[in-house]
Amino acid sequence: DTAVSQTPKYLVTQMGNDKSIKCEQNLGHDTMYWYKQDSKKFLKIMFSYNNKELIINETVPNRFSPKSPDKAHLNLHINSLELGDSAVYFCASSHQAELQETQYFGPGTRLLVL
Amino acid sequence: AQSVTQLDSHVSVSEGTPVLLRCNYSSSYSPSLFWYVQHPNKGLQLLLKYTSAATLVKGINGFEAEFKKSETSFHLTKPSAHMSDAAEYFCVVDNQGGKLIFGQGTELSVKP
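Residue numbers (my numbering), protein chains in the order written: chain A, 1 to 114; chain B, 115 to 226.
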């Protein structure tokens with residue numbers, strides 16, 4: 001029944017590694033997002049896809065590459081992990097990428113880079 | 115550009131007393147405003163949203179917020195706090211294209 005799910009829930013890895021976080025939504029939404037929450041709990045959008053097409057790409061290092069195999073999935077791949085990448089990453093989805101649309105968030109993936 | 119400012123980083127209340135979490139916004143057009151709640155080690159849950167239909171918005175768990183254009187505010191209130199309300203609360207404004215702009219968050223503590 002989970003609307004927006006993410007795997008893994010926790011991810012501990014060494015600096016320099018490459019890792020992926022997966023996100024799936026079963027709400028039938030067309031738009032999906034990735035947000036980063038830092039250690040001070042500040043949330044900032046990273047990417048947004050609408051029907052598998054990239055529509056928002058904030059100033060994120062190109063080590064971060066989102067991939068949308070279909071509109072129900074938006075995965076986040078991170079190359080050459082750095083200490084500063086440690087954060088909680090939230091996936092979200094909405095019906096459309098328009099004003100007033102409610103975004104539904106996943107439970108988050110807690111990434112710790114050692 | 116759109117932005118939100120949450121005026122308190124931490125609010126502490128006693129169980130059964132009213133809750134007030136303050137939020138001011140800045141927007142060049144009529145905004146969509148949201149309040150989300152994040153319980154410890156959990157994801158974000160929508161409490162309520164304002165979309166210009168009514169200035170007083172009722173949400174889940176007894177929360178409500180009032181949109182005041184003259185004061186550019188969207189404060190969140192609840193008449194009586196419950197222990198389970200202890201969490202982080204985010205005021206959010208919707209930029210065009212679904213880009214949510216989050217406030218800094220207010221941590222609500224509820225004392226027995």
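Yeah, the Cβ is synthetic: ideal placement off N, Cα and C, and Gly gets one too.
Three-state class that DSSP yields for residue i in the structure shown
i	result
A/M32	strand
B/S198	helix
B/D208	strand
A/L11	strand
A/L83	helix
B/N175	helix
B/T186	coil
A/L76	strand
A/Q25	strand
B/Y203	strand
B/T191	strand
A/Q37	strand
A/V60	coil
A/E101	coil
A/Q96	coil
B/E112	Nothing about residue 112 of chain B can be reported from this structure: the residues present for chain B run from 115 to 226 only.
B/S144	coil
The beta strand (DSSP E) enclosing residue i, as first and last residue numbers
i	result
B/I215	L214 to F216
B/Q159	L158 to Y164
B/L170	L170 to K172
A/N50	L43 to N50
B/T220	T220 to K225
B/Y150	L147 to Q152
A/D70	F64 to D70
A/N57	E53 to N57
Those residues which DSSP pairs with residue i across a bridge
i	result
B/Q120	B/C137
A/L109	In the sequence on display, residue 109 of chain A carries Thr and not Leu. According to DSSP, which records beta bridges pairwise, A/T109 is partnered with A/Y89.
Whole-angstrom C-beta distance between residue j and residue i, which should lie under 8 Å
i	j	result
B/V171	B/K163	7 Å
A/D70	A/L111	About 24 Å separates the two Cβ atoms, so there is no contact after all.
B/V133	B/D199	7 Å
A/V4	A/F105	6 Å
B/H189	B/L135	7 Å
B/E178	B/T191	6 Å
A/Y33	A/C91	7 Å
B/H153	B/A195	Not quite, the Cβ-Cβ distance comes to about 15 Å (not below 8 Å), so this is no contact.
Residue i: CB within 8 Å of a non-hydrogen atom of the ligand HEM
i	result
A/S93	Ligands are entirely absent from the displayed structure, and the ligand HEM is therefore not among its contents.
Interface residues of the stretch 195 to 211 of chain B facing chain A [CB-CB below 8 Å]: E202, F204, D208, Q210 and G211
Selection of the stretch 144 to 168 of chain B by Cβ proximity to chain A, strictly under 7 Å: S146, K156, G157, L158, L160, K163 and T165
Proximal residues, the stretch 13 to 47 of chain A versus chain B, C-beta separation under 9 Å: Hits within the stretch, in order: T31, Y33, Y35, Q37, K40, K41, F42, L43, K44 and I45.
Residues of the stretch 89 to 107 of chain A whose Cβ lies closer than 7 Å to any Cβ of chain B, in chain order: Near chain B, meaning a CB-to-CB distance below 7 Å, the residues of the stretch 89 to 107 of chain A are F90, S94, A97, E98, L99, Q100, E101, T102, Q103, F105, G106 and P107.
Interface positions of the stretch 62 to 83 of chain A facing chain B (Cβ-Cβ less than 8 Å), listed along the chain: none
Near-chain A residues of the stretch 115 to 143 of chain B (beta-carbon distance less than 7 Å), N- to C-terminal order: none
Selection of the stretch 210 to 225 of chain B by Cβ proximity to chain A, strictly under 7 Å: Q210, G211, G212, K213, L214, F216, Q218 and G219
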